[in-house]
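Protein chains: 2
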Amino acid sequence: MSNSNSKPWILNGFAMNVVGHISAGLWRHPQDQAFRYTELDHWIALAQLLEEGGFDTLFLADAVGPVDVYEGRPDAALRNGVQTPIDDPMLLVSGMAAATDHLGFGITVSTTYEQPFLLARKFTTLDHLTKGRIAWNIVTSALDSAARNLGLKQAIDHDERYNIAQEFLEVSYKLWEGSWEDGAVRNDRERGVFVDASKVHPIHHTGKYFQVRDANLSQPSVQRTPVLFQAGASSRGRTFAANNAEVVFLGGATAADIRNSIEKTREAAIAAGRSADSIRFITGATVITAATDAQAQAKYQEYLALADIEAALVLFSAWTGIDWSQYPLDHPLEYIETNAIRSALENFTRIDAEKRWTLGDIARYIGVGGLHPTFVGGPATVADALEQYAEESGVDGFNFAYAIKPGTFEDFVQYLSPELRKRGRIQPRPAQPQTLRERLQGQPQLRKDHPGRKWRTWESSEHQ
Amino acid sequence: MSNSNSKPWILNGFAMNVVGHISAGLWRHPQDQAFRYTELDHWIALAQLLEEGGFDTLFLADAVGPVDVYEGRPDAALRNGVQTPIDDPMLLVSGMAAATDHLGFGITVSTTYEQPFLLARKFTTLDHLTKGRIAWNIVTSALDSAARNLGLKQAIDHDERYNIAQEFLEVSYKLWEGSWEDGAVRNDRERGVFVDASKVHPIHHTGKYFQVRDANLSQPSVQRTPVLFQAGASSRGRTFAANNAEVVFLGGATAADIRNSIEKTREAAIAAGRSADSIRFITGATVITAATDAQAQAKYQEYLALADIEAALVLFSAWTGIDWSQYPLDHPLEYIETNAIRSALENFTRIDAEKRWTLGDIARYIGVGGLHPTFVGGPATVADALEQYAEESGVDGFNFAYAIKPGTFEDFVQYLSPELRKRGRIQPRPAQPQTLRERLQGQPQLRKDHPGRKWRTWESSEHQ
Chain P
1 MSNSNSKPWI LNGFAMNVVG HISAGLWRHP QDQAFRYTEL DHWIALAQLL
51 EEGGFDTLFL ADAVGPVDVY EGRPDAALRN GVQTPIDDPM LLVSGMAAAT
101 DHLGFGITVS TTYEQPFLLA RKFTTLDHLT KGRIAWNIVT SALDSAARNL
151 GLKQAIDHDE RYNIAQEFLE VSYKLWEGSW EDGAVRNDRE RGVFVDASKV
201 HPIHHTGKYF QVRDANLSQP SVQRTPVLFQ AGASSRGRTF AANNAEVVFL
251 GGATAADIRN SIEKTREAAI AAGRSADSIR FITGATVITA ATDAQAQAKY
301 QEYLALADIE AALVLFSAWT GIDWSQYPLD HPLEYIETNA IRSALENFTR
351 IDAEKRWTLG DIARYIGVGG LHPTFVGGPA TVADALEQYA EESGVDGFNF
401 AYAIKPGTFE DFVQYLSPEL RKRGRIQPRP AQPQTLRERL QGQPQLRKDH
451 PGRKWRTWES SEHQ
Chain L
1 MSNSNSKPWI LNGFAMNVVG HISAGLWRHP QDQAFRYTEL DHWIALAQLL
51 EEGGFDTLFL ADAVGPVDVY EGRPDAALRN GVQTPIDDPM LLVSGMAAAT
101 DHLGFGITVS TTYEQPFLLA RKFTTLDHLT KGRIAWNIVT SALDSAARNL
151 GLKQAIDHDE RYNIAQEFLE VSYKLWEGSW EDGAVRNDRE RGVFVDASKV
201 HPIHHTGKYF QVRDANLSQP SVQRTPVLFQ AGASSRGRTF AANNAEVVFL
251 GGATAADIRN SIEKTREAAI AAGRSADSIR FITGATVITA ATDAQAQAKY
301 QEYLALADIE AALVLFSAWT GIDWSQYPLD HPLEYIETNA IRSALENFTR
351 IDAEKRWTLG DIARYIGVGG LHPTFVGGPA TVADALEQYA EESGVDGFNF
401 AYAIKPGTFE DFVQYLSPEL RKRGRIQPRP AQPQTLRERL QGQPQLRKDH
451 PGRKWRTWES SEHQ
């Protein structure tokens, strides 16, 4: 399957500041070190490993409430370490940045519970400290369990969340792109001018959800706006992606479905005035690999045997919004007709669309790598399968999840990275560190056709 | 002045994620590197330097609005790099923590613009990553320039801010002290129990300002509650300190005034059920030192000559709430009768209480080290003066500000730290790293008499 026209993929390591992310109960594996998520050394070693293996980004998921749809309480999530407890992802970054030069950091932050004026400063601060290696994975927080701890009775409804998010991004662009001109920071000791104040502009934003008067508190970073990641395949989510995202994280029941989603998002981006190649697309996957196919299969069977049914149902309940503790394991899933489950199942039915799945089947499937497809085999086998999947679906890269941590990434780097390098799927390390956007989009700042650029009101046409 | 009963001081380095903190215009000094505040290496080197010099904590100030009382706009602050631009302090910490083992980090966060449920997770995350080296400097945000960027028309009034802060702390204690029992985290791979959910308790907080139902999202860190720092000498601030603070940062017109403030705060702490030694007190100071008194004086004169009048007036306007651009430099300050200026002046009049200060005098004074007293001399001279000042005022230690960065701290570590070590004023480095609270309060978690401990409702009397 190796393609002479092969171009490098976007390779992200996918993790969360928790014990158990999207695999179920595998923290009990003797080699699993995920319980060390509270230790800085654990994260630094992971970042160095990913950088060595040619990954572009460590993509950090987040949630700001406990996982508690299953049984209507967090007990099973706590018992199985399923995304509860959970620590803050953003605070890990400067520690990992100090020990790496090339790896990017994609950080999930919700627009529902932050102030844009303070979040702009946070992202600029991190972009400064990493010399431009930051991406923001924009989410809008659907969790009732977050809402009721943050002053709301329940989560704000879906479309309204996106309305808030769109205004949040508008404020953010004004702060990042509009409020400080290029060259505003002079650092001129002779004349005693640190900043040329005539090049710093209050934004005077007065909107439906936010009032923000001043310029960004932070001077611009090399990327200005962090690289904008977004997940979400709903119609409103797609409009939001078309207007904001540079990298979209999506799934689909089949490769053809993913391709269809990508095409629709591309059309929406073009309608928003952007070029067809302005957004890049990634999908989730888990790789279980070893020196040979047989060894990889043996490892996969070992993981499957440890995967925990209850932990998987906790995850499946969170993803579907349905309390699956109420149903027997032989419950046939195809008869449950809700949008929530159809959407959640889209990512797995490609494995065997003909099979009649029960709740128990899906719980066992989720065990290793969640609902994303799992690729098992030696280096050539997995690389072939990933290339086929990328070719059929049209994705530009992957968020690679782990079964055990850091073991799954160690195997990836040891066995698969050399094979992917050989096939041109890993971007060669540049002589000098570059920004994350240069790696992913070819230039350090937002492209000219990105809607965020229109807020550079200080930029006359001659500068463009 | 060396005292045979000398006990170690609390030694903090005092900084902010900005170019110019409390000295005025000294970023123009040829050796000043403060413009590198956006670079992680700059902060890591500073943290390592402070650790080498025996400092307990890097105390990071913050403000979440531009400095703009002077002329009613931020232009002069921007031009002179006076606390504007400003980056986030919290995001620096994991990078510095990775390069140090002993230094604590005191981080300023306002209770006015954060959600307690999310802030609890942030502090626990940092306390995890640093193995218990975190302090929270609690502030309540008086700045109109913050309020109008964060959804308010102007800052909430003083007493109401403290009412919010007190409920914020109550929620925080419930999350840190009350919601997770000791031993809740089992990490038992055999039984498949990561957390014993019966030992994790939703807090069900329903108050005037906050509604928070669930347990802390983070498992407890070694300190549980970060060490609680507080600045503020108002009557309401003193009540707040008595109920919450473990280290209070205060100033005063004379050493006797500081002693008086300390005594009043001690009385309030006793009234709140705490022992007389439960709170420790620090004050601000700047040290200009060198091998000899003459060299130190020469350095001080060099700094004074560079100090910028406009930058000093920007600071003085921010501290007093008065736009001093309206007044001539020969304006006599004693005739301006406002509480704001009296309070701001308290920190400096001790230098020469008989002198009739003009606006120009104070601007020149602020130039090096702001309104805090500046100690100039060789190691023995400065150590003598600090010991005298500590003896007279009764403080337990200092927040040491810089004139130039990192030069002022380099001089401190090179010249003064050996002298202070000789005099027993620097706590010897322990064989094993310890928590910040062990260094400052003798034990890793809140003392039994701290009001926050009463929220450990799971702790039966026999465990105490």
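Protein chains in written order, with full-length UniProt numbering: chain P, 1 to 464; chain L, 1 to 464.
Cβ atoms here follow ideal geometry from the backbone N, Cα and C, with glycine treated the same way.
As the structure is a prediction and not an experimental result, all values here were calculated from the model.
Below 7 Å CB to CB, which residues in the same chain sit around residue i once its five sequence neighbours on both sides are set aside?
i	result
glutamate 52 (chain L)	Val413
arginine 425 (chain L)	Ser6, Pro8 and Trp9
glycine 72 (chain L)	Asp323
arginine 421 (chain P)	Gly54
So if DSSP puts residue i in a beta bridge, which residue, or which two residues, is it bridged to?
i	result
isoleucine 288 (chain L)	L:Val376
threonine 108 (chain L)	L:Asn137
aspartate 188 (chain P)	P:Val193
isoleucine 10 (chain P)	P:Gly397
threonine 320 (chain P)	For threonine 320 (chain P), which the question treats as bridged, DSSP gives no partner whatsoever.
glutamine 211 (chain L)	L:Thr206
threonine 358 (chain L)	L:Pro332
alanine 15 (chain P)	P:Leu60
valine 200 (chain P)	P:Trp180
Return the chain-ordered list of same chain residues with a C-beta closer than 6 Å to the C-beta of residue i, the five sequence neighbours on each side being excluded.
i	result
arginine 121 (chain L)	Leu217 and Ser218
glycine 273 (chain L)	none
tryptophan 43 (chain P)	Leu92 and Met96
alanine 363 (chain P)	Ile309, Ala312 and Leu313
threonine 435 (chain L)	Gly132, Val222, Gln223 and Pro444
leucine 396 (chain P)	One point to set straight first is that residue 396 (chain P) is aspartate, not leucine, in the sequence displayed. So the list reads Ile10, Arg280 and Phe281, once near-sequence residues are dropped.
arginine 437 (chain P)	Gln223, Val227 and Pro444
valine 193 (chain P)	Arg186
tryptophan 455 (chain P)	Tyr173, Lys174, Glu177 and Gly178
tyrosine 300 (chain L)	Ile288 and Val376
arginine 453 (chain L)	Leu446
residue 476 (chain P)	Here chain P comprises residues numbered 1 to 464, so residue 476 (chain P) is not present and cannot be evaluated.
With a threshold of 16 other CB atoms inside 10 Å of the CB of residue i, please say whether the residue is buried or exposed.
i	result
proline 379 (chain P)	buried
glutamine 445 (chain L)	buried
arginine 423 (chain L)	buried
glutamate 177 (chain P)	buried
glutamine 427 (chain P)	buried
glycine 104 (chain P)	buried
aspartate 159 (chain P)	exposed
serine 23 (chain L)	buried
aspartate 411 (chain L)	buried
lysine 153 (chain L)	exposed
glutamate 346 (chain L)	Only weak support exists for where glutamate 346 (chain L) lies, its pLDDT of 48 falling under 50; the coordinates are left without a value.
Just to confirm before moving on: does the CB-CB distance between residue i and residue j stay below 8 Å?
i	j	result
aspartate 32 (chain P)	leucine 26 (chain P)	yes
glycine 95 (chain L)	threonine 57 (chain L)	no
threonine 286 (chain L)	phenylalanine 400 (chain L)	yes
leucine 78 (chain L)	tyrosine 113 (chain L)	no
valine 382 (chain P)	threonine 254 (chain P)	no
alanine 296 (chain P)	valine 368 (chain P)	no
threonine 108 (chain P)	valine 139 (chain P)	yes
proline 451 (chain P)	asparagine 137 (chain P)	no
alanine 245 (chain L)	phenylalanine 229 (chain L)	yes
isoleucine 270 (chain P)	serine 393 (chain P)	no
leucine 371 (chain P)	tryptophan 319 (chain P)	yes
In chain order, what residues of the same chain have a beta carbon less than 8 Å from the beta carbon of residue i, not counting five sequence neighbours either side?
i	result
asparagine 17 (chain P)	Tyr37, Leu60, Asp62, Ile86, Asp87, Asp88, Pro89 and Leu92
valine 171 (chain P)	Pro116, Phe117, Ala120, Ile203, His205, Gly207, Phe210 and Val212
tryptophan 458 (chain P)	Gly178, Glu181, Lys199 and His201
leucine 143 (chain L)	Ala63, Val64, Gly65 and Ala155
Just the chain A side, please: which residues come within less than 7 Å of residue i by C-beta, in chain order?
i	result
isoleucine 44 (chain P)	Absent from the structure: chain A. Protein chains present are P and L.
### Query
Going along the chain, which unbroken runs of the beta strand (DSSP E) with 3 or more residues stay wholly within the UniProt region "Disordered" (423–464) of chain P?
none
### Task
Report the residue ranges of all beta strand (DSSP E) runs contained in full by the stretch 221–305 of chain P; include only those spanning at least 3 residues, in chain order.
227–231, 247–249 and 280–289
### Query
For the stretch 18–102 of chain P, which segments carrying the beta strand (DSSP E) assignment without a break, of at least 3 residues, lie completely within its bounds, in sequence order?
57–61
#### Entry: Contiguous alpha helix (DSSP H) assignments of at least 4 residues, all confined to the stretch 391–423 of chain P
407–411 and 417–422
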